[in-house]
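Q: Each residue of the sequence shown is one higher than the last, beginning at 17 in the working numbering. Let me give you the structure first, and then I'll get to my questions.
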Amino acid sequence: MKNTPNLAEALLPIICLIILLTLNVFIFEDTLAGSNQIALLLAATVAGIIVRRNGQKWESTSKQVVKTIGSAMPAMLILLLIGSLAGTWMASGIVPTMIYYGLDLINPKLFLFTAVVVSGLVSVSTGSSWSTIATIGVALLGIGNAIGISNPVVAGAIISGAYFGDKISPLSDTTNLAPAMAGTDLFTHIRYMLWTTVPSMLITLILFLVIGFNYNFSETVSDVEQVKSVIGESFNTTPWLFVVPVILFVIIILKVPPIPSLMIGTLLGGMAAVVFQPVIIQEIAGQGIEYTKASYISFMQSMFGEVSISTSNNSVNRLMHTTGMRGMLDTIWLILSAMVFGGIMEAGGLLSRITRPIMKMARSTGSLVASTAGTCLFFNATASDQYISIVVPGRMYRKAFEDKGLKPEVLSRTLEDAGTVTSVLIPWNTGGATQARVLGVATFDYLPYCFFNIISPFMSILMAYLNIKIRRFDKTSGKPEPSTKIK
Numbered sequence: 017m018k019n020t021p022n023l024a025e026a027l028l029p030i031i032c033l034i035i036l037l038t039l040n041v042f043i044f045e046d047t048l049a050g051s052n053q054i055a056l057l058l059a060a061t062v063a064g065i066i067v068r069r070n071g072q073k074w075e076s077t078s079k080q081v082v083k084t085i086g087s088a089m090p091a092m093l094i095l096l097l098i099g100s101l102a103g104t105w106m107a108s109g110i111v112p113t114m115i116y117y118g119l120d121l122i123n124p125k126l127f128l129f130t131a132v133v134v135s136g137l138v139s140v141s142t143g144s145s146w147s148t149i150a151t152i153g154v155a156l157l158g159i160g161n162a163i164g165i166s167n168p169v170v171a172g173a174i175i176s177g178a179y180f181g182d183k184i185s186p187l188s189d190t191t192n193l194a195p196a197m198a199g200t201d202l203f204t205h206i207r208y209m210l211w212t213t214v215p216s217m218l219i220t221l222i223l224f225l226v227i228g229f230n231y232n233f234s235e236t237v238s239d240v241e242q243v244k245s246v247i248g249e250s251f252n253t254t255p256w257l258f259v260v261p262v263i264l265f266v267i268i269i270l271k272v273p274p275i276p277s278l279m280i281g282t283l284l285g286g287m288a289a290v291v292f293q294p295v296i297i298q299e300i301a302g303q304g305i306e307y308t309k310a311s312y313i314s315f316m317q318s319m320f321g322e323v324s325i326s327t328s329n330n331s332v333n334r335l336m337h338t339t340g341m342r343g344m345l346d347t348i349w350l351i352l353s354a355m356v357f358g359g360i361m362e363a364g365g366l367l368s369r370i371t372r373p374i375m376k377m378a379r380s381t382g383s384l385v386a387s388t389a390g391t392c393l394f395f396n397a398t399a400s401d402q403y404i405s406i407v408v409p410g411r412m413y414r415k416a417f418e419d420k421g422l423k424p425e426v427l428s429r430t431l432e433d434a435g436t437v438t439s440v441l442i443p444w445n446t447g448g449a450t451q452a453r454v455l456g457v458a459t460f461d462y463l464p465y466c467f468f469n470i471i472s473p474f475m476s477i478l479m480a481y482l483n484i485k486i487r488r489f490d491k492t493s494g495k496p497e498p499s500t501k502i503k
């Protein structure tokens, strides 16, 4: 006979997970490379023992685990394609061209404003806030310092822009992870997330404009010009390369499913590389190889493996580096491990036991979204990893959102608004620790100026309480109901 788990039993696997993840942050340099995956599997083992002890057979538990993994399979396929797209877009010069022209937006009189915009553009094109901050961010920090702006203020502008771009980029792993946990698709998630992300960014830009008017700017932009010069020397930065992202944007607008959309974008990137970047093709394949063969080698290499373009600038070298499909395997491993943990927790009724008291208090859409946002922040502060702040709350609250009649993109948006962007605000979180080290600015010093990261969770909660653009299921027709309060 199956016994109902008590609250202590339900919380024990999560407590074990938090302890293991915290240890990983202090012991391992790269927690995504395997230690966090093992932590999830060990916590899943604890959960499995509790579930079995309560009388549930392994057969039914394993079926739920397989079902849970299956639900994340589209996201894992998308992640692989994103890796290949990033590779071909780098080899073709599309990403470098975006960066090159994005740097033209730099205007000393509007430095903080343009720092946010440039960081956002680079992060959207690369899908990575971390690489943006470690490359262009470092250059922007040096420029800001040279013209007399406080480092924490510049760091806040860089981080705000980088996380904005990361959050809405289809190339971002967290942007793919959130809809996978909630049960919606990538582009539905991105489009819906704009309702909270755009207002948050507009407020951020206004605040940095106000701060910027209090500074006297010089014309010191040599660092930016050096980066532009190096990119221009290495790549053919023709505006014709913008045709590829425009085509992909149109495809997305036409609501073509993510997997074929990304495959089309990947193939177009590969063709653009052959047409516009013969020097890069030869560099990737190796000198002395006939061009047709070199084109095939570079196309395949950029899709599945590492592409590293060598320039005369170390900062640019770090930015001109992709890892293809292979670089996504650690994230896929993390998703698989998280699905095992979540599947066992769900099969044994442990997640429902934890969320039951919260659900009693979450009587409205606003209170449910607020509870989810608070849980994401809790896991960022305790588990010290942004992936966990998306995965665990996503599994915990998914059924609760369904029971309230809310469409899955409401949950996925909340996970991103509160999970992804707040990780950098916690000094002991991998996000906060990394950016503090890269920028040389303490987390608590730049925190007050990370306006976008601070505003985002509150914007999500506010929109929910005001019932603005909250999508619901119509129980009879399956179509979204008008935005009315949930009784």
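Built from N, CA and C at the ideal position, the CB exists for glycine as well. None of the values given here were measured: they were computed from a predicted structure.
#1: Distance, Cα to Cα, A310 vs V407?
#2: Considering only residues of the same chain and omitting the five flanking positions on each side of S328, which have a CB-CB separation below 8 Å?
#3: Please classify Q303: is it buried, with 16 or more other beta-carbons within 10 angstroms of its beta-carbon, or exposed?
#4: Kindly identify the DSSP beta-bridge partner or partners of R414.
#5: Over the uninterrupted alpha helix (DSSP H) stretch that includes R68, give me the two end residues.
#6: Name, in chain order, the residues that DSSP records as bridge partners for L422.
#7: Counting Cβ pairs closer than 8 Å, one from the segment 133 to 140 and one from the segment 151 to 161, do we hit at least three?
#8: Label K18 either buried or exposed according to how many other C-beta atoms from any shown protein chain fall within 10 Å of its C-beta, with 16 as the threshold for buried.
#9: Going by C-alpha distance, which of A378, A55, P21, M344 is nearest L187?
#10: Express the C-alpha separation of V437 and L463 in angstroms, rounding to a whole number.
#11: Please classify S176 as buried or exposed, where buried requires at least 16 neighbouring CB atoms within 10 angstroms.
#12: Going by other Cβ atoms of all chains shown within 10 Å of its Cβ, with 16 needed for buried, is M341 buried or exposed?
#13: Specify the secondary structure class of V323 as computed by DSSP and reduced to three states.
#14: Where does T113 sit, in a helix, a strand or coil, going by DSSP?
#15: Suppose only complete runs of 4+ residues qualify. What are the alpha helix (DSSP H) ranges in the segment 346 to 403, listed by chain order?
#16: If you compare alpha carbons, which of Y403, S135, T77 is closest to F468?
#17: Just verifying my parser: in three-state terms, what is the DSSP assignment at T254?
#18: Below 8 Å CB to CB, which residues in the same chain sit around V81 once its five sequence neighbours on both sides are set aside?
#19: Looking at the structure shown, is T338 part of a helix, part of a strand, or coil, going by DSSP?
#20: Kindly give me the distance between the Cβ atoms of S318 and M106, rounded to whole angstroms, as I take these residues to be in contact under 8 Å.
#21: Pairing CB atoms from the segment 54 to 68 with CB atoms from the segment 447 to 467, are three or more of them under 8 Å?
#22: Just to confirm the assignment, what range does the alpha helix (DSSP H) spanning M344 have?
#23: Whose CA, out of G321, N70, S353, lies closest to the CA of G86?
#24: Residues in the same chain with beta-carbon distance under 7 Å from D189, minus the five sequence neighbours each way, listed in chain order, please.
#25: If I measure Cβ to Cβ from A458 and keep anything under 7 Å in the same chain, skipping five residues before and after, which residues do I get?
#26: Classify K125 as helix, strand or coil using the three-state DSSP reduction.
#27: Could you tell me how far apart the beta carbons of L101 and L278 are, in whole angstroms, since I believe they sit closer than 8 Å?
#28: So T391 packs on P409, CB below 8 Å; how close in whole Å?
#29: Look up N22 in the DSSP assignment and say whether it is helix, strand or coil.
#30: Measure the C-alpha to C-alpha separation of T236 and L350 and round it to an integer number of angstroms.
#31: Quick one: using the 10 Å Cβ neighbour count with 16 as the cut-off for buried, is L284 buried or exposed?
#32: Which value, in whole angstroms, describes the spacing of the CA atoms of A196 and Y403?
#33: Express the C-alpha separation of A178 and T148 in angstroms, rounding to a whole number.
#34: Using three-state DSSP, classify I305 as helix, strand or coil.
#35: Over what stretch of residues does the alpha helix (DSSP H) that includes S166 continue unbroken?
#36: Rounded to the nearest angstrom, what separates T308 and W256 at their Cα positions?
A: If we stick to the structure as given:
#1: The residue labelled residue 310 in the question sits at position 294 within the sequence shown. The residue labelled residue 407 in the question sits at position 391 within the sequence shown. Distance between the alpha carbons of A310 and V407: 41 Å.
#2: Here residue 328 corresponds to residue number 312 of the sequence shown, with the count starting at 1. Cβ neighbours of S328 beyond the five flanking positions: V246, E249.
#3: Taking the sequence shown and counting its residues from 1, the one referred to as residue 303 is at position 287. Q303 comes out exposed.
#4: As a first step, residue 414 must be located in the sequence shown, where it is residue number 398. In the DSSP output, where bridge partners are listed per residue, R414 has none listed.
#5: One-based indexing of the sequence shown puts residue 68 at position 52. Taken as a continuous stretch (DSSP letters only), the alpha helix (DSSP H) holding R68 covers 51 to 69.
#6: Taking the sequence shown and counting its residues from 1, the one referred to as residue 422 is at position 406. Answer is R488.
#7: yes
#8: Locating residue 18 in the sequence shown gives position 2, counting from the first residue. That one is exposed.
#9: Indexing the sequence shown from 1 puts residue 187 at position 171. For L187, the nearest C-alpha among the options comes from M344.
#10: Within the sequence shown, numbered from 1, the residue matching residue 463 stands at position 447. Within the sequence shown, numbered from 1, the residue matching residue 437 stands at position 421. The alpha-carbon atoms of L463 and V437 are separated by roughly 12 Å.
#11: As a first step, residue 176 is located in the sequence shown; it is residue number 160 there, counting from the start. With 16 or more Cβ atoms within 10 Å of its Cβ, S176 is classed as buried.
#12: Here residue 341 refers to the residue found at position 325 when the sequence shown is read from its first residue. So M341 ends up on the buried side.
#13: Here residue 323 corresponds to residue number 307 of the sequence shown, with the count starting at 1. In this structure, V323 counts as strand in the three-state DSSP scheme.
#14: Position 97 of the sequence shown, counted from the start, is the residue given in the question as residue 113. Helix, per DSSP.
#15: 366 to 377, 381 to 398
#16: To locate residue 468, count along the sequence shown from 1; it is residue 452. Residue S135 is the option with its Cα nearest to F468.
#17: Within the sequence shown, the letter at position 238 stands for residue 254. Residue state, collapsed to three classes: coil.
#18: Counting from one through the sequence shown, the residue named residue 81 turns up at place 65. Cβ neighbours of V81 beyond the five flanking positions: M355, V356, G359, I360, A363.
#19: Locating residue 338 in the sequence shown gives position 322, counting from the first residue. The answer is strand: DSSP assigns T338 an E or B state.
#20: Here residue 318 refers to the residue found at position 302 when the sequence shown is read from its first residue. Here residue 106 refers to the residue found at position 90 when the sequence shown is read from its first residue. About 7 Å separates the two Cβ atoms, so the contact holds.
#21: no
#22: Sequence index remark: in the sequence shown, residue 344 carries index 328 (1-based). Premise fails: M344 is in no alpha helix (DSSP H) and is neither H nor E.
#23: As a first step, residue 86 must be located in the sequence shown, where it is residue number 70. Closest option to G86, Cα to Cα, is S353.
#24: Position 173 of the sequence shown, counting from 1, holds the residue named residue 189. L95, T347, listed in sequence order.
#25: Within the sequence shown, numbered from 1, the residue matching residue 458 stands at position 442. Hits under 7 Å: A452.
#26: Translated into the one-based positions of the sequence shown, residue 125 becomes position 109. Looking at K125 - three-state DSSP - the assignment turns out to be helix.
#27: Looking up residue 101 in the sequence shown gives position 85. Looking up residue 278 in the sequence shown gives position 262. Contact holds; Cβ gap of about 5 Å.
#28: Position 375 of the sequence shown holds residue 391. Position 393 of the sequence shown holds residue 409. Their Cβ separation, rounded to whole angstroms, is 4 Å, which keeps T391 and P409 in contact under 8 Å.
#29: Here residue 22 refers to the residue found at position 6 when the sequence shown is read from its first residue. Here N22 sits in coil by DSSP.
#30: For this step, residue 236 is matched to residue 220 along the sequence shown. For this step, residue 350 is matched to residue 334 along the sequence shown. Summary for T236: the model assigns pLDDT 49, below 50, so the residue's position carries little reliability, and this model does not support an answer.
#31: Walking along the sequence shown from the start, residue 284 turns up at place 268. Answer is buried; the Cβ neighbour count reaches 16.
#32: Taking the sequence shown and counting its residues from 1, the one referred to as residue 196 is at position 180. Taking the sequence shown and counting its residues from 1, the one referred to as residue 403 is at position 387. The straight-line gap from Cα to Cα measures roughly 12 Å.
#33: As a first step, residue 148 must be located in the sequence shown, where it is residue number 132. As a first step, residue 178 must be located in the sequence shown, where it is residue number 162. Looking at the two C-alpha atoms, the distance is approximately 6 Å.
#34: Here the question's residue 305 lines up with position 289 in the sequence shown. Residue state, collapsed to three classes: coil.
#35: Reading the sequence shown from its first residue, position 150 is the one you call residue 166. From DSSP, S166 is part of no alpha helix (DSSP H); its letter is neither H nor E.
#36: The count along the sequence shown starts at 1 and reaches residue 308 at position 292. The count along the sequence shown starts at 1 and reaches residue 256 at position 240. Between T308 and W256, the C-alpha separation is close to 22 Å.
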